[in-house]
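Protein chains in written order, with this note's numbering: chain A, 1 to 364; chain P, 1001 to 1258; chain Y, 2001 to 2311.
A virtual CB, placed ideally from N, CA and C, is assigned to each residue, including glycine.
This structure is a prediction, so every number in the text was calculated from the model and none was measured.
Presented below is the structure to which this report refers.
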């Protein structure tokens, strides 16, 4: 990996398209073009800098020379991780993931506690015919705000007649953020553990609730032969074809925010929109910066677990102000990290933030 | 400068609900994950920092089952030169037994040392006694609750002990000695998985605990019991806004908030 | 004849309050209660024991565990060996108790928080008070360290104060010597004087959340304090630490958020007039000590309180 990296950075022509599309540039000291330059010359990098990256992937997508600047950032971080020299909050997140398989260090034994909120049983994936695995995700298994999402999606799938099962306590963190923090070794352990479970239970399809999980499972777990989708990809046709009836009405102006890992990095733009369009009474609005150029909420790249030193107006605030400008009452999105980062500034401005399943559940 | 540092693999019970089995015979740890004892992590870090400054080497020792190798690899990844496992499948409930075993091991194997470090206590049994017992058994100078090691000289160390109420005392201890390290003495470095894997290349010698003397236990665990449920709090119920409103009401009632 | 030797903790001329718990356990044990104290002028609880032994050694010598070994030898020579030797569960008590156990080959049980006379067992906490072990010592003397707050209600006043009997000390060791006390840096915050403390613990998750709690403290006119893990991680300065290794506080209101209730913390605040605990874990031990409790996401509660208080 290191050899590829060394030759890759040499193809960089310092055009600056990466920094031009970076959500951190201009507002923070982070300059990804300069980091690539430093890597070319193998010069020292200020150790605070690599931690600004939110892993939105815009730089890598727009680079004309396939330098993959986001990977350069991960490599810089990996060096700091090996030296043991990383922010304490990140250390905690990594150590928690090592012990309890989730960055919040919540008990692994409680990973399936969200099931208690359902009034029907969800089988273990091994007991299903379809071997369709619902991959729940750490934050949605444990965080009180996000726990509603798996509950809602389970109900929606049931309403749509979609069979699925879960791994429950056997599910380990997908490792998407772990890899981006630079802890390759820990990522490998998580990957191994999850893949072993997929194999043992003959999993054929994985439906991820979080775009971050989808990304890791689909693109970074190697060739598992398992189909990986985001839940909106399965839900959209069900909603469009009327297999899930939406008798209620959601008469609000809703603006859709494309999550980076769902949208620009994995090309899922239409399904969430088609779902929202099918909700009776809903007026769907678009941000000016939408789809491929959606503004990163800054929840990724490990930023969910610690704060950078610079004080500046966070993108989440900017996004909310954009939403207000467009006349939105609700910001809808399909990623738990986006929900968490947008909700506080949105609440301050009197807007609600809803994950897609929450809107659907209201009209079910 | 040879530093021996003891490190223990303990159950991570912070987030778990514990169940006592049978008539109080045992605590069910079957679904509880394990980790390095927090205090020992600080000790290992401190040991490595001392030899970084003063030269010498750190030897990590763990008394426990085969899985305890994990904490030795971690210590090596942090900078210990070697790791010894004194393997036993027994749960040693009596800190005295542990102390005897260590003393016997160090004597018999003639492990050289200038300073022996233990953590103030372990997260599981929280006895906080092994360091002191060891020092007493070996007739070595001892200090516990060490919150800072200010100077390491040829024949003594100057350390600070943590007392109550934020007060500390500065103490001079002759070496060789035993010190029990308090959490917060330093900021331990992060140990990556790759680092632990690299540490696996360093041989960890395994010794069988029954090759050494641990005497017979001086205390006996009769049974486990749950804590007594005290009166308990009046739980505030309802929606978030409701509950918070009630809380503010209590604050007003107590006269601390208008 | 058997007796209980209670090794008093005396520091900077103060007969520590937690000695009362040793005296309480001594009373429960039922044998003659003999209090061991160092030289010096201070108020000892001579009405709560049957005899007082005043060792001719100043405090700094007495508080050194290696000297304590010699002092105990002198006591045994004068009076024979006791059935139980009690130390306070404290920085010096734990140290001396463990060292003495190793030196004399005696059983030691630390942090004793309960005693069942009929069963003859001592209760000792495991896994931060999640379960307790019932222990018996296999022989006498047995050394115990006594948890603060656990037995003081049993300390019984005798008819008359016990007279102090002087005992010769031995020469102090040179292998460990006291240098000086180090006071913590003076800051303008003295949390022991606050009447309303908002205290945060490990549950706040990370350093960035501290600012939000500072704000809440400001809005509620509370003083911000924290439990040990928060101070260890340097999220709050040492002066704000509540607990045995920090400050003991008795405010009118102690609002604990994200604090599970480890005993060392409880010991530092359990006498507060009104304890309100907010924690996401319904099994958190702190709910045993709190007067009011809220089970929930502490950040959400924080934000809602701010909103309601400001509005």
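Please compile the residues from chain A whose C-beta is within a distance smaller than 9 Å of the C-beta of residue i.
i: residue 2279 of chain Y; result: What residue 2279 of chain Y touches in chain A: nothing, since even the nearest Cβ is about 12 Å away.
i: residue 2247 of chain Y; result: Those within 9 Å of residue 2247 of chain Y in chain A number zero; the least Cβ separation is about 24 Å.
In the DSSP assignment, find the alpha helix (DSSP H) that holds residue i and state where it starts and stops.
i: residue 1039 of chain P; result: 1038-1054
i: residue 1101 of chain P; result: 1095-1108
i: residue 60 of chain A; result: 58-62
i: residue 316 of chain A; result: 315-325
i: residue 2299 of chain Y; result: 2298-2310
i: residue 2068 of chain Y; result: 2065-2079
i: residue 2086 of chain Y; result: Premise fails: residue 2086 of chain Y lies in the beta strand (DSSP E), 2084-2088, not in any alpha helix (DSSP H).
i: residue 2143 of chain Y; result: Run containing residue 2143 of chain Y: none in the alpha helix (DSSP H); it sits in the beta strand (DSSP E), 2142-2146.
i: residue 2265 of chain Y; result: 2263-2266
i: residue 2289 of chain Y; result: 2286-2289
i: residue 157 of chain A; result: 148-159
i: residue 2092 of chain Y; result: 2091-2104
Can you tell me whether residue i is buried or exposed, with buried defined as 16 or more other CB within 10 angstroms of its CB?
i: residue 1007 of chain P; result: buried
i: residue 1107 of chain P; result: exposed
i: residue 11 of chain A; result: exposed
i: residue 2294 of chain Y; result: buried
i: residue 2018 of chain Y; result: buried
i: residue 7 of chain A; result: exposed
i: residue 118 of chain A; result: exposed
i: residue 1210 of chain P; result: exposed
i: residue 272 of chain A; result: buried
i: residue 1055 of chain P; result: exposed
i: residue 336 of chain A; result: buried
Determine the chain Y residues that contact residue i at a beta-carbon separation under 8 Å, and present them in chain order.
i: residue 307 of chain A; result: 2206, 2207 and 2208
i: residue 1190 of chain P; result: Correct list: empty, because the minimum Cβ distance to chain Y is about 14 Å.
Which stretch, first to last residue, makes up the beta strand (DSSP E) that contains residue i?
i: residue 2279 of chain Y; result: 2274-2279
i: residue 1220 of chain P; result: 1219-1225
i: residue 2257 of chain Y; result: 2253-2257
i: residue 331 of chain A; result: 330-333
i: residue 81 of chain A; result: First-last for residue 81 of chain A: 69-82, but that is the alpha helix (DSSP H), not the beta strand (DSSP E).
i: residue 39 of chain A; result: No beta strand (DSSP E) holds residue 39 of chain A; the alpha helix (DSSP H) holding it covers 32-40.
i: residue 355 of chain A; result: 352-355
Under three-state DSSP, which class holds residue i?
i: residue 17 of chain A; result: helix
i: residue 1007 of chain P; result: coil
i: residue 256 of chain A; result: strand
i: residue 2137 of chain Y; result: strand
i: residue 1177 of chain P; result: strand
i: residue 262 of chain A; result: coil
i: residue 106 of chain A; result: coil
i: residue 2341 of chain Y; result: A query on residue 2341 of chain Y cannot be resolved here, the shown segment of chain Y reaching from 2001 to 2311 and no further.
i: residue 2250 of chain Y; result: coil
i: residue 182 of chain A; result: coil
i: residue 1259 of chain P; result: Lying outside 1001 to 1258, the shown extent of chain P, residue 1259 of chain P is not represented and no answer is given.
i: residue 1118 of chain P; result: strand
i: residue 2218 of chain Y; result: helix
How would you list, in chain order, the residues of chain Y whose beta-carbon sits under 9 Å from the beta-carbon of residue i?
i: residue 1096 of chain P; result: 2101, 2102, 2105, 2106, 2107 and 2108
i: residue 1049 of chain P; result: Per Cβ cutoff of 9 Å: no residues; residue 1049 of chain P is ~17 Å from chain Y at best.
At 8 Å on the CB atoms, spell out the chain A contacts of residue i, in chain order.
i: residue 1015 of chain P; result: 100, 105, 106, 107 and 110
i: residue 1012 of chain P; result: 99 and 100
i: residue 1153 of chain P; result: Neighbours of residue 1153 of chain P on chain A: none; closest Cβ ~28 Å, over 8 Å.
Closer than 7 Å by beta-carbon distance: list the chain A residues that pair up with residue i, in chain order.
i: residue 1035 of chain P; result: 99
i: residue 1031 of chain P; result: 109
Show which residues of chain P have a CB atom less than 8 Å away from the CB atom of residue i.
i: residue 2199 of chain Y; result: Under the 8 Å cutoff, chain P gives no residues; its nearest Cβ is about 14 Å from residue 2199 of chain Y.
i: residue 189 of chain A; result: 1193
Residues of chain P with a CB under 9 Å from the CB of residue i: which are they?
i: residue 2022 of chain Y; result: Near residue 2022 of chain Y there are no residues of chain P at all, since even the closest Cβ is about 15 Å away, more than 9 Å.
i: residue 2086 of chain Y; result: Here the premise fails: no neighbours, minimum Cβ distance about 15 Å.
Give the residues of chain P in contact with residue i, contact being defined as C-beta atoms less than 7 Å apart.
i: residue 365 of chain A; result: Coverage of chain A is limited to positions 1 through 364, which leaves residue 365 of chain A absent and any answer about it impossible.
Taking residue i as the query, report the chain Y residues whose CB atoms sit under 7 Å from its CB, ordered along the chain.
i: residue 1164 of chain P; result: 2090, 2091, 2244 and 2245
Selection of the segment 135-163 of chain A by Cβ proximity to chain Y, strictly under 9 Å: 143, 144 and 145
- prompt: Using Cβ-Cβ distances below 8 Å, what residues of the segment 76-90 of chain A are close to chain Y?
  reply: 88 and 89
message: If the cut-off is 9 Å on Cβ atoms, which residues from the segment 1110-1143 of chain P count as contacting chain Y, listed in chain order?
response: 1120, 1121, 1123, 1124, 1125, 1126, 1127, 1128, 1129, 1130, 1131, 1132, 1133, 1134, 1135, 1136, 1137, 1138, 1139, 1140, 1141, 1142 and 1143
Residues, ordered as in the chain, of the segment 1241-1252 of chain P that lie near chain Y by beta-carbon distance below 9 Å: 1241, 1243, 1244, 1245, 1246, 1247, 1248, 1250 and 1251
message: Taking beta-carbon pairs under 7 Å, can you tell me which members of the segment 2225-2243 of chain Y lie near chain A?
response: 2233
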